[in-house]
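Visitor: For the record, the sequence lines run as chains X and Z.
For the first sequence, the residue numbers in my numbering are 1 to 420.
For the second sequence, the residue numbers in my numbering are 1001 to 1420.
C-beta: ideal position from N, C-alpha, C; glycine also.
All values reported here derive from a predicted model rather than from experimental measurement.
There are 2 protein chains.
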Amino acid sequence: MSIEQNKVMNLEQEVNVQPLPRGFKWGAVKAGIKASGKLDVAVAIAPKTANAAVMYTKNQVVAAPVTVGRRHLQVTGGRVAAVLVNAGNANCATGQAGIDTCVQTCVAAAETFHCIFDEVIPSSTGIIGVPFPAEKVIAALPAVEAALGDTPAHAELFAQAIMTTDTRMKIARAVVTIDGAEVNIFGAAKGAGMIHPQLGAPIGPPHATMLVYLFTDLSASTEELNKLLAPAVEQSFNCISIDGDTSTNDTVLLLASGDTRTRLNEQTTEPFANALNQVCYSLAHQIVDDGEGVGHVVTLHITGARTPVEAKQVAKAIAHSPLCKTAWSSADPNWGRLLAAAGYSGATFNPEKVNIRIGTQPVFELGMRTPHFDEAAAHTTMQQREYTITLDLGQGNSECRFITCDLTAEYVRINADYST
Amino acid sequence: MSIEQNKVMNLEQEVNVQPLPRGFKWGAVKAGIKASGKLDVAVAIAPKTANAAVMYTKNQVVAAPVTVGRRHLQVTGGRVAAVLVNAGNANCATGQAGIDTCVQTCVAAAETFHCIFDEVIPSSTGIIGVPFPAEKVIAALPAVEAALGDTPAHAELFAQAIMTTDTRMKIARAVVTIDGAEVNIFGAAKGAGMIHPQLGAPIGPPHATMLVYLFTDLSASTEELNKLLAPAVEQSFNCISIDGDTSTNDTVLLLASGDTRTRLNEQTTEPFANALNQVCYSLAHQIVDDGEGVGHVVTLHITGARTPVEAKQVAKAIAHSPLCKTAWSSADPNWGRLLAAAGYSGATFNPEKVNIRIGTQPVFELGMRTPHFDEAAAHTTMQQREYTITLDLGQGNSECRFITCDLTAEYVRINADYST
């Protein structure tokens, strides 16, 4: 799906264009959790509450806010009044104390924002295993309340405060006209490292370094929102990897304020779903593009697989191969590493039927290097910031698109220095 | 199993101690395949032939020599007269031409070494996808024949010629006294990158950057050798990873010349198996220790798993996690990354029951950082060249030991420059 294919929506990566979805306010402050002293507590509130769908990480180890958030959504049946995010401390592997302190922040937020504490969804990102400084979050709440607003500047502050090693904020926006009314979607995300989301249903083990918040003024039930969110996540956030490390805190939260009173029907579900998919795809792409130490963004287009699962297996094996990723960092058309990774992916195929292209350059066919292999041209393609590698398995009709990146010495430097 | 536990054998990593297994000769020459101009064609011959057991990579994409080697062993029922190895070109993803040129080298070797061509086992390591320079191998054979000998110096030349990005040769030796006779084992290996062997039965898809040759003068059938080799490989080469990339050429070949006329019986099988296991473990350890860019060798001791498979799943997730590996490169005791990797490994466990130690330092217990966590002491442990991380899952009695290493900027540099 490309932006061009969808006439009814208008995607902007900049939020400086009105309107944002109605029925929400955003705010952020500096609470002293980040060592850098930057914005580190972000809040989004829905004064009239919103219906929510959520997907959490499938990691078996999950952060306290994921445990608490899941519990809250079960109790309320998916009703949310406030989202309370902190960056700088993941509140993961912090035991019962982590749960207790997380709940304390929700109780304090409920008082500040005039809701019940089950309607507060907490999120945390940052280092794992360090006691959670709840007192800093709680002390910051009055300042956040004073900072709330519904302008693009407020939404941008929210997007900035949730960042950790991100170098820039990640936002995306779409407008869909439904029955003559404009329905808005705004999304904010953070990523950078420990990025290989494997999001599943909210019931089950969760934890996240990728945090995504999607806001819309559509009127929809939690059940309807879940049906929209799952496929949007599957094709976007579940199809990216920076380093193959699936975080303990990954969260995608979709909130619908209902402020437009517009509901979906048979005709309008598809345009809205397309707009939501594109917002998610844009954010997913932005996350890889701003990955730790990334020099090149590579889209793996795996085609000709027997099943979608096998297509994804091949994409993931390549996306997680240090040898493929280091070759990309120097624009080295060492396609043999792509084939070797596909070979150990677990997918079934005959190498004689495999066809590989780097950009538009054919490199491998009929079991060997293509006779017209132009190494210089392939190298030139790979010198671009972004390009596509196509690998056709020649086995069936299933495919997938997976966005990943190179592995650079800068990534090693960033992650070797993280906690020291 | 440690060296101390086995009284009957004597393990030496240096070959400069007689005797080597009888019934073999080794030789190597410079054939101009390596750009560096170093030794690149190695041959081992068994003048009276040897019985062989082999394990090849499980990668679905395999190099021509693996396809040809498997075919030869099937035809001869496991009889080998010569092993012909080249370094500098993997002869993988080279199509039918790769098979044809590989066969040509075997035919030429059979003429040179006076055997039938099915008794020649070919091996190749190096870059994938580049046409195989068979003519260089063939032209070098008379010089190899002239260079053959059975002294430690000859065996060392063999071990040096099979190297690619290895910085030093890898050899191990053991002597077992069986019924009053000394039975010798000599092993030579190469590794360095694309090291995450997944070796399986010889029937099935194969290709390899890890090459291991084991020679013994025991008298044993192919069937007996296979029974000894499979468990030795499972606990050694199948329990190491440098970068998680499983090569298309990985090969472990065990040859028994029968020169001692000593056969195994119920009492002597275990001491011999122990000696073989230790030679394999020593070579596997040497491979990780000399991995590309390695600064630290880390043994992951996973205990308390429900099954051996789950123990290995946890070890592999940690061993392949760029975040864990980069933290090790700077001796950063960021144990949260270990727990997160275990969490997405697919193994089932309750984080509250997990216990993690770095060396002897406790770091995580009862779902949180241990109260006595001594970050400085953990950091000091991790500054050593080699140490063990113990992760007890608290679920059962299964365990595994897995040897891996850190991920450094030097690894990135080596592999970003490989083919350009």
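From Z/Asn1089 to X/Val29, what does the alpha carbon distance come to, in whole angstroms?
Guide: C-alpha separation (whole angstroms): 58 Å.
Visitor: 8 Å is my cut-off, CB to CB: does X/Arg413 come that close to chain Z?
Guide: Judged by the 8 Å Cβ criterion, X/Arg413 is in contact with chain Z.
Visitor: Any beta carbon from chain Z within less than 8 Å of X/Ala409's own beta carbon?
Guide: For X/Ala409, the answer is yes, since a Cβ of chain Z falls inside 8 Å of its Cβ.
Visitor: Can you find the residues in the same chain that come closer than 7 Å, C-beta to C-beta, to X/Leu20, ignoring five residues on each side of it along the sequence?
Guide: These residues qualify, in order along the chain: Asp150, Pro152, Ala155, Asn184, Phe186.
Visitor: Chain Z beta carbons: is any one of them nearer than 8 Å to that of X/Val61?
Guide: So, interface residue.
Visitor: Is there a Cβ from chain Z that is less than 8 Å from the Cβ of X/Ile403?
Guide: Answer no: the Cβ-Cβ gap between X/Ile403 and chain Z never drops below 8 Å.
Visitor: With contact counted as at least three CB pairs below 8 Å, one residue from each stretch, are the stretch 1108-1127 of chain Z and the stretch 1074-1087 of chain Z in contact?
Guide: Touching, yes.
Visitor: Can you pull the chain Z residues whose beta carbon is under 7 Å from the beta carbon of X/Thr437, in chain order?
Guide: Chain X is shown only over 1 to 420; residue 437 of chain X falls outside these bounds and no answer can be derived.
Visitor: Can you tell me the Cβ-Cβ gap for Z/Ala1097 and Z/Ala1161, rounded? I've got them flagged as a contact below 8 Å.
Guide: The pair is not a contact, with the Cβ atoms about 24 Å apart (cut-off 8 Å).
Visitor: Are the beta-carbon atoms belonging to X/Ala159 and X/Thr216 less than 8 Å from one another?
Guide: In this structure, X/Thr216 does not lie closer than 8 Å to X/Ala159 by Cβ.
Visitor: Could you give the residue range of the alpha helix (DSSP H) that holds Z/Leu1229?
Guide: Here the alpha helix (DSSP H) through Z/Leu1229 covers 1222-1234.
Visitor: Kindly say whether Z/Ile1127, judged by its beta-carbon, lies nearer than 8 Å to any beta-carbon of chain X.
Guide: With 8 Å as the cut-off, Z/Ile1127 counts as an interface residue toward chain X.
Visitor: In the stretch 29-59 of chain X, which residues sit with their C-beta less than 9 Å from some C-beta in chain Z, listed in chain order?
Guide: Within the stretch 29-59 of chain X, the qualifying residues are Thr57, Lys58, Asn59.
Visitor: Just curious, the beta strand (DSSP E) that Z/Lys1170 is in, first and last residue?
Guide: Z/Lys1170 -> beta strand (DSSP E) spans 1170-1178.
Visitor: Tell me, please, whether the CB atom of Z/Asp1417 is closer than 8 Å to any CB atom in chain X?
Guide: By this cut-off, Z/Asp1417 is an interface position.
Visitor: For a cutoff of 8 Å on Cβ pairs, would you count Z/Met1194 as touching chain X?
Guide: So yes, Z/Met1194 belongs to the interface.
Visitor: Using beta carbons (cut-off 8 Å, strictly below), is Z/Gly1343 in contact with chain X?
Guide: For Z/Gly1343, the answer is yes, since a Cβ of chain X falls inside 8 Å of its Cβ.
Visitor: With a threshold of 8 Å between beta carbons, is X/Thr322 in contact with chain Z?
Guide: The question names Thr, but residue 322 of chain X is Pro in the sequence shown. Chain Z contact via Cβ: present.
Visitor: Rounded to whole angstroms, how far is the Cβ of X/Thr251 from the Cβ of X/Val43, which I believe are closer than 8 Å?
Guide: Going by Cβ atoms, the distance from X/Thr251 to X/Val43 rounds to 15 Å, so no, they are not a contact pair.
Visitor: Under the assumption that Z/Arg1306 contacts Z/Gln1395 (Cβ atoms under 8 Å), give the Cβ distance between them as a whole number of angstroms.
Guide: With a Cβ gap of about 5 Å, Z/Arg1306 and Z/Gln1395 count as contacting.
Visitor: Mark Z/Lys1312 as exposed unless 16 or more other C-beta atoms lie within 10 angstroms of its C-beta, in which case mark it buried.
Guide: Under this definition Z/Lys1312 is a buried residue.
Visitor: For X/Leu255, report the span of its beta strand (DSSP E) as first-last.
Guide: Start and end: 251-256.
Visitor: Which chain X residues are close to Z/Asp1374, counting only those with a beta carbon under 7 Å from its beta carbon?
Guide: Those within 7 Å of Z/Asp1374 in chain X number zero; the least Cβ separation is about 14 Å.
Visitor: Could you tell me whether any Cβ in chain X is nearer than 8 Å to the Cβ of Z/Pro1021?
Guide: No, Z/Pro1021 does not count as interfacial toward chain X.
Visitor: With a cut-off of 8 Å, does the C-beta of X/Leu339 fall near any C-beta of chain Z?
Guide: Yes, X/Leu339 lies at the interface with chain Z (some Cβ there is under 8 Å from its Cβ).
Visitor: Taking 8 Å as the cut-off, decide whether the C-beta atoms of X/Tyr415 and Z/Leu1323 are in contact.
Guide: The sequence given here places Asn at residue 415 of chain X; Tyr does not occur at that position. Their beta carbons are under 8 Å apart, which means X/Asn415 touches Z/Leu1323 by this criterion.
Visitor: Determine, using beta carbons only, whether X/Cys400 comes closer than 8 Å to chain Z.
Guide: No, X/Cys400 lies away from the interface with chain Z (no Cβ there is under 8 Å from its Cβ).
Visitor: Find the nearest neighbour of Z/Gln1361 within the set Z/Val1354, Z/Thr1381, Z/Met1368, judged by alpha-carbon distance.
Guide: Out of Z/Val1354, Z/Thr1381, Z/Met1368, Z/Thr1381 has the C-alpha closest to the C-alpha of Z/Gln1361.
Visitor: Counting only beta-carbon atoms, is Z/Phe1349 nearer than 8 Å to chain X?
Guide: It does: the Cβ of Z/Phe1349 has a partner Cβ on chain X nearer than 8 Å.
Visitor: Would you mind telling me which residues of chain X sit closer than 9 Å to Z/Gln1198, beta carbon to beta carbon, in chain order?
Guide: Within chain X, the residues near Z/Gln1198 are Tyr344.
Visitor: Should Z/His1207 be flagged as near chain X, meaning a C-beta pair shorter than 8 Å?
Guide: Confidence at Z/His1207 is low in this model, with a pLDDT of 30, below 50, so the placement of that residue is unreliable and no value is reported for it.
Visitor: Check distances from the C-beta atoms of the stretch 1238-1260 of chain Z to those of chain X and list, in chain order, the residues that come in under 7 Å.
Guide: Those residues of the stretch 1238-1260 of chain Z that come within reach of chain X (Cβ to Cβ, closer than 7 Å) are Asp1243, Gly1244, Asp1245, Thr1246, Ser1247, Thr1248.
Visitor: In whole angstroms, what is the alpha-carbon distance linking Z/Pro1371 and Z/Asn1334?
Guide: Taking the straight line from one Cα to the other gives about 16 Å.
Visitor: Using the Cβ count rule (16 or more neighbours within 10 Å means buried), how would you classify Z/Asp1417?
Guide: Exposed, because fewer than 16 other Cβ atoms sit within 10 Å of the Cβ of Z/Asp1417.
Visitor: Pick helix, strand or coil for X/Trp26, following the three-state DSSP scheme.
Guide: Of the three classes helix, strand and coil, the one that applies to X/Trp26 here is strand, per DSSP.
Visitor: Please classify Z/Asn1421 as buried or exposed, where buried requires at least 16 other C-beta atoms within 10 Å of its C-beta.
Guide: As shown, chain Z starts at 1001 and ends at 1420. That puts residue 1421 of chain Z outside it, with no answer to give.
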